[in-house]
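J.: Residue numbers (the working numbering): 265 to 439.
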């Protein structure tokens, strides 16, 4: 039984790392967080209840460890690496550069979001978990998941629409 659980944990590592990277903003910190989450999970494997989702349990462990680290070191700047969220661009060099600039802007704005909104955004939009699953992972009501996600999306939309690239278009539309 424990061998099957360990194999499932190994299969979860890419998703757990992607989630951790979204939380921490750094591949090195994400790897440390994943390692800590795996160590904690393995040392407390008896607390996991068969029949429940192992991925939700692992995400919750990572989230709790990250919250503990945040509390220990307030004021740390978070920057998301390009590899964490970048999409591969196709086409000519101009389109590729525009796509890179747009992704860099999105990463910067995601990094500015409050921790609670960023965690919900990463789980729902990057990991594709349902609102119910995010609610269970983060141990918050489903309504809170929905409102944090809505606030995060609104903040991103406002920041991106209000960016320097759109300033000229806004001025033209006012004339």
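C-beta atoms are modelled at their ideal positions from N, C-alpha and C, and glycine is treated no differently. Just so we're clear, the structure is a prediction, and the values are computed from it rather than from any experiment.
Out of 280, 426, 266, 367, which one is the CA nearest neighbour of residue 309?
T.: That would be 266, whose Cα lies nearest to the Cα of residue 309.
J.: Answer with buried or exposed for residue 313, where buried requires no fewer than 16 other C-beta atoms within 10 angstroms of its C-beta.
T.: With fewer than 16 other Cβ atoms within 10 Å, it is exposed.
J.: Would you kindly report the start and end of the unbroken alpha helix (DSSP H) that includes residue 418?
T.: That run of the alpha helix (DSSP H) goes 406-425.
J.: In or out: residue 287 buried (at least 16 other Cβ within 10 Å) or exposed?
T.: Classification for residue 287: buried.
J.: Decide if residue 360 is buried, meaning its Cβ has at least 16 other Cβ atoms within 10 Å, or exposed.
T.: Classification for residue 360: exposed.
J.: If you draw a straight line from the alpha carbon of residue 391 to that of residue 401, how long is it in whole angstroms?
T.: Rounded to whole angstroms, residue 391 to residue 401 spans 12 Å at the Cα level.
J.: Counting along the chain, where does the alpha helix (DSSP H) carrying residue 288 start and finish?
T.: Note, residue 288: alpha helix (DSSP H), 266-288.
J.: Rounded to whole angstroms, what's the CA-CA distance from residue 337 to residue 297? Just pull it up for me.
T.: Cα-Cα distance, rounded: 15 Å.
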